[in-house]
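A short worksheet on the structure shown next.
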Ligand code: HQG
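In the working numbering, the protein residues as written are 2 to 181.
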């Protein structure tokens, strides 16, 4: 059951952040899609899921990746999109230091070009080292970069805090990156 939900959650991430066309749905400009249509199309695609299972995934996802709108008729991913969607992110003042977990093979490039958003809409940063370690460990042995977010903000860079607590920014120039 747990594995089934992990699988479904991964699939939801694909559909709601990257490729809704896989099951033939469209997201609106804010990233929302109809819950009813999502369930029908996922089941038609062979991903058996009930509304109860979807509710459970949304409520228990370890990173709160998904959210329902108020009347629960629509659903979207809170962040992490590669598709362009307007999330109406809250611009916020960041803490003085934020963290980014990456791996050795990217370091030379990061030192040359800074942190870039690559295929996503933003560079993702976290408030704690543990989260950054998890993010980096997805790709190998995590290397943690300390980002001088307070100084960046003072210099005019914008920061956003997603609904699920991920700090987002457009890029991090190399001079704000401290390699530990
Ligand atoms: C790296 C997951 C070379 C960057 C995670 C990262 C996170 C560069 C990769 C969320 C670079 C992009 C985001 C440069 C950045 N040259 N490599 N100039 N600038 N990179 O997946 O931060 O499970 O787009 O270090 O837990 O790894 O999807 O970003 O390694 O929260 O919810 O390029 O995705 O969450 O990879 O992960 P990603 P990320 P979910």
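Just so it is clear, CB atoms sit at the ideal spot from N, CA and C, and this is done for glycine as well.
For residue 169 and residue 22, the gap between their C-alpha atoms comes out near 26 Å.
Taken from the Cβ of residue 153, every heavy atom of the ligand HQG lies 8 Å or farther away. Using a 10 angstroms sphere on the CB of residue 52, the tally of other CB atoms stays under 16, which defines it as exposed. According to the DSSP assignment, residue 69 belongs to the beta strand (DSSP E) that extends over 67-69. Assignment of beta-bridge partners to residue 35 by DSSP yields 75. Put simply, the segment 167-181 touches the segment 81-101. At least three CB pairs are less than 8 Å apart.
Within the same chain, 100 and 145 come within 8 Å of residue 130 by CB-CB distance, once the 5 residues on both sides are set aside.
The straight-line gap separating the alpha-carbon atoms of residue 175 and residue 65 is approximately 30 Å.
Taking residue 142 as reference, the option from 44, 43 and 105 with the minimal CA-CA separation is 105.
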